[in-house]
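Below: one structure, written as structure tokens.
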Amino acid sequence: MLWIAWKMLIGNRVKYLGIVFGVVFAALLIAQQSSIFCGLMSLTVSQIRDVQGPDIWVMDAKVQYVDDIKPLADTELFRVKGVPGVAWAVRFYKGTARARLAEGSYEQMMLLGLDDATLIGAPEQVVLGSIADLRKPDAVIMDDAGYKRIWPGEPYQLGRVFEMNDRRAVLVGVTKASRSFTSFPIVYTRYSQAVAFAPPERKVLSFVLADAEPGVAPEEVCRRIEAQTGLQALTRAQFFRKTIRYYLAKTGIPVNFAVTVLLGFLVGTAIAGQTFYLFTVENIRQFGALKAMGTSNWTILGMVLAQALQVGLIGYGVGVGLAAIFGQVVKGASRLSFFMPWQVLAITGVAVFVIVLLASLLSIRKVLIVDPAIVFRG
Amino acid sequence: MATTVPAHAPATADLAIRVRGVTKEFGSGGAVARALRGVDLDVAYGEMLMLVGPSGCGKTTLVSIIAGTLAPTAGDVVVLGHDLVAMTNGAKVRFRREHVGFVFQAYNLLPALTAAENAAVPLLIAGWRRRDAVEKAADVLDALGLGDRLANLPTELSGGQQQRVAIARALVHEPRLLVCDEPTSALDAENGRITMELIERLAVQPGRAVIVVTHDSRVYSFADRIASMEDGRIEAVEAGPRRGAARG
């Protein structure tokens, strides 16, 4: 009987495509907007992600997210190093600086200062130059997206000179880095150099990056650091979640995306539901005939649900596929952020399931109450 | 024409259908419409009974009750030995699935299925495998002269051919009761005659019964008996030409 349901469904091409279109529209909008939202959220934690090596971030107890810099005294580094279970700890500077370019224009940049001795936190993919060159005087490395933004259309060229806080900076490398939420060019330098580039302040240490000794859980080391120093210590994963939670709770971004997703859900449900109902009404005599010939209400219910699930599956596949294609296209062609984790696919799947279920409710009611004697009425 | 006979003429032991004192009311309170007002009717095995009468006289309501698609307000209905009044809805569904074949005025073929697939529907409802069901349906259609139309959709068939598919669908599961609602009203005289000949040849057999609701006086000649209805009652039951011919 499910086969009959399927044949009935695809037999009416216009209605069939109409229902599928409604589901595709909803799935596309939900998956695409959710992926852009996830892309934006991933930008907020890009700096945490790019700092490979240390598993523990130590910061002021009031810090709420990665860009919320509340400087520490340099001596905090040694307090952290003294906590049992800490294998090593280094300083890390994060701030913004205004650069004056050779042609006289100004550009806001994100400045990251790496530990002078170890350069821990340096980017892994170098496009041009060498991380080791950061040890040269006034040396900085810039991310490739930032380079293209400042010098559009120009080939990579090392030795370029610009000023930050009236101090000379020399470009010694170009690297790959994840885009930041602010989209500022990212400049890497040594910690001591970064402090010189930054406006003078009494406290300048942004974070202490640390790692746990082998055999000690990072979470346990974080607890010890917090207990002993009064600072806030988080694992990478915890800092990820804290930063994302901040953006979710304290900005209007989720609401804006939720409104669009809800709109897609409602419009998709309306289109699919209306078309599905019209399809059922159009076939009501056929359903009546099937009931007269001995098809039970349970079987009829199964047929309608099977029809709904079938359009749901196709609509989901096409919608998510189109969203993925959209993501691939915009990733290459624009600066729109797009990230489609499996959770987006799962949420879209659940939404589509609810849509087809809601869309089929009216139809189910219609076919269940239809009197099989309808077939005797002319 | 034919002589008038009692509504319950056949001997009780031969009865396929036994209807006694059946009433049917629609609506409630002051808006009650009485479609049937105490109907008595018997149909014997091997008999083709035609229900005739003006529109709104209760023919469709009566045949719906006999087919188990509608419950009477009062009265007794025993069909093929089953007491339909005492049956649960689920039992009625099984009863229709196993014992009743339908030929509808508007054919009610599924437009997305081919002729063979349409004719196979009762077998699919009964749980047959699709391939087996379609094969058997193809055999029945072949016997009805539609062997070369098995793969055609209903829209590719003439009205007469569609009605033959509907007859194949009604008979493919070998039901013991065939209920036909205006089977010839949408057909021309020639196709109407062919349709009735097919029904007579395939369905009017010992152990089976056929009820035909019709306005079409051209097909009265196929009836064993003709029950005339008027205002919810059976006014007269007459022996049809077929019985007269059989009696010689």
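Here the protein sequences line up with chains W and Y, keeping their order. With the first letter of the first sequence counted as 1, position 252 gets the number 400 in my numbering; the numbers rise by one all the way through. With the first letter of the second sequence counted as 1, position 25 gets the number 13 in my numbering; the numbers rise by one all the way through. Using N, Cα and C, we set each Cβ at its ideal position, and we do this for glycine too. Keep in mind the model is a prediction, meaning the values are calculated, not measured.
Q) Where does the unbroken alpha helix (DSSP H) through residue 370 of chain W begin, and where does it stop? A) 366 to 377 is the span of the alpha helix (DSSP H), which, as asked, contains residue 370 of chain W.
Quiz item: Taking Cβ to Cβ, would you say residue 531 of chain W is nearer than 7 Å to residue 369 of chain W?
Solution: Outside the modelled stretch of chain W, which goes from 149 to 526, sits residue 531 of chain W, for which no answer is possible.
Practice item. Compare the C-beta of residue 40 of chain Y against all C-beta atoms of chain W and say whether one is closer than 7 Å. Key: For residue 40 of chain Y, the answer is no, since every Cβ of chain W falls outside 7 Å of its Cβ.
*Note down the Cα distance separating residue 78 of chain Y from residue 84 of chain Y, rounded to an integer number of angstroms.*
One Cα belongs to residue 78 of chain Y, the other to residue 84 of chain Y, and the distance between them is close to 10 Å.
field: Given 8 Å, three or more beta-carbon pairs between the region 328 to 335 of chain W and the region 249 to 265 of chain W
entry: These segments touch.
| task | Quick one: which unbroken alpha helix (DSSP H) runs of 4-plus residues sit fully inside the region 277 to 311 of chain W? Chain order, please. | result | With a minimum length of 4 residues, the continuous alpha helix (DSSP H) runs that stay inside the region 277 to 311 of chain W are 292 to 298.
Q. So the alpha helix (DSSP H) residue 149 of chain W belongs to, where does it begin and stop?
A. Neither: residue 149 of chain W is in no alpha helix (DSSP H) and is coded neither H nor E.
### Task
Measure the beta-carbon distance from residue 423 of chain W to residue 210 of chain W and round it to whole angstroms, keeping in mind my assumption that it falls under 8 Å.
Contact doesn't hold; Cβ gap of about 54 Å is too wide.
Quick one: list the residues of chain W neighbouring residue 96 of chain Y, beta-carbon separation under 7 Å, in chain order. Ordered by position in chain W, the residues that pass the 7 Å Cβ test against residue 96 of chain Y are 433, 434, 437 and 523.
Going along chain Y, which residues have a C-beta under 8 Å from residue 149 of chain W?
-> Within 8 Å Cβ-Cβ: 112 and 113.
Residues bridged to residue 241 of chain W [DSSP beta-bridge criterion]: Residue pairing of residue 241 of chain W in beta bridges, as defined by DSSP: W/261.
Note to self: What are the residues in the region 12 to 37 of chain Y lying within 8 Å of chain W by C-beta distance?
What the structure shows: Listed in sequence order: no entries.
- prompt: For a contact meaning CB atoms closer than 8 Å, what does residue 155 of chain W contact in chain Y?
  reply: Ordered by position in chain Y, the residues that pass the 8 Å Cβ test against residue 155 of chain W are 98, 100, 101 and 105.
(Q) Can you pull out the residues from the region 437 to 460 of chain W whose beta carbon lies closer than 9 Å to at least one beta carbon of chain Y? (A) Within the region 437 to 460 of chain W, the qualifying residues are 437, 438, 439, 440, 441, 442, 443, 444, 445 and 447.
Under 8 Å (Cβ pairs) to chain Y, residues found in the region 158 to 174 of chain W:
Under the 8 Å Cβ criterion, the region 158 to 174 of chain W contributes 158, 159 and 160.
### Message
Going by beta-carbon coordinates alone, are residue 38 of chain Y and residue 202 of chain Y separated by less than 7 Å?
### Response
Annotated as proximal: residue 38 of chain Y and residue 202 of chain Y, with beta-carbon spacing under 7 Å.
Pick out the complete alpha helix (DSSP H) segments inside the region 103 to 132 of chain Y, 4 residues or longer, and give them in chain order.
Whole alpha helix (DSSP H) segments, 4+ residues: 103 to 107, 109 to 113 and 118 to 131.
Kindly say whether residue 281 of chain Y, judged by its beta-carbon, lies nearer than 7 Å to any beta-carbon of chain W. In the structure as shown, chain Y starts at -11 and stops at 236, and residue 281 of chain Y therefore has no counterpart that could be examined.
query: Per DSSP, what kind of secondary structure is residue 176 of chain Y in: helix, strand or coil?
result: Under the three-state reduction of DSSP output, residue 176 of chain Y falls in the coil class, being neither helix nor strand.
Counting along the chain, where does the beta strand (DSSP E) carrying residue 154 of chain Y start and finish?
For residue 154 of chain Y, there is no enclosing beta strand (DSSP E); the enclosing alpha helix (DSSP H) has its first and last residue at 147 to 159.
So residue 419 of chain W contacts chain Y; which residues on that side make the cut at Cβ distance below 8 Å?
Ordered by position in chain Y, no residue passes the 8 Å Cβ test against residue 419 of chain W, which lies about 22 Å from the chain.
Counting contacts by CB-CB distance shorter than 7 Å, is residue 57 of chain Y in contact with chain W? Taking CB atoms only, residue 57 of chain Y has a neighbour in chain W less than 7 Å away.
Check residue 416 of chain W in the structure and name its three-state DSSP category. Assignment of residue 416 of chain W by DSSP, reduced to helix, strand and coil, places it in the helix class.
Report task. May I ask you to report which of helix, strand or coil DSSP gives residue 25 of chain Y? Result -> Of the three classes helix, strand and coil, the one that applies to residue 25 of chain Y here is strand, per DSSP.
Which value, in whole angstroms, describes the spacing of the CA atoms of residue 68 of chain Y and residue 200 of chain Y?
Distance between the alpha carbons of residue 68 of chain Y and residue 200 of chain Y: 17 Å.
For residue 238 of chain Y and residue 96 of chain Y, what's the separation of their Cα atoms in angstroms? Here chain Y comprises residues numbered -11 to 236, so residue 238 of chain Y is not present and cannot be evaluated.
Quick check: residue 486 of chain W and residue 497 of chain W, are their CB atoms within less than 7 Å of each other?
No.
request  = Indicate whether residue 147 of chain Y and residue 22 of chain Y have their beta-carbon atoms separated by less than 7 Å.
outcome  = Cβ atoms of residue 147 of chain Y and residue 22 of chain Y: not closer than 7 Å.
_Determine whether the beta carbon atoms of residue 442 of chain W and residue 503 of chain W lie at a separation below 7 Å._
No, Cβ-Cβ distance for residue 442 of chain W and residue 503 of chain W is not below 7 Å.
### Message
Between residue 176 of chain Y and chain W, is the shortest Cβ-Cβ distance under 7 Å, so that the two count as touching?
### Response
No, residue 176 of chain Y lies away from the interface with chain W (no Cβ there is under 7 Å from its Cβ).
Residue 158 of chain Y versus residue 17 of chain Y: straight-line alpha-carbon distance, rounded: For the pair residue 158 of chain Y and residue 17 of chain Y, the Cα-to-Cα distance works out to about 38 Å.
ask   = Looking at the C-beta of residue 76 of chain Y, does it have a partner C-beta in chain W at a distance below 7 Å?
value = False, the Cβ-Cβ gap to chain W never drops below 7 Å.
Please confirm whether residue 88 of chain Y and residue 163 of chain Y have their CB atoms less than 7 Å apart. Yes, the pair counts as a contact, with Cβ atoms nearer than the cut-off.
Considering only DSSP beta bridges, list what residue 64 of chain Y is partnered with. Its beta-bridge partners are Y/8.
Comparing alpha-carbon positions, which option in W/310, W/342 and W/304 lies nearest residue 324 of chain W? Closest by alpha carbon: W/304.
Would you check if there are 3 or more beta carbon pairs closer than 8 Å linking the region 379 to 396 of chain W to the region 279 to 299 of chain W?
The region 279 to 299 of chain W and the region 379 to 396 of chain W do not touch, with fewer than three beta-carbon pairs separated by less than 8 Å.
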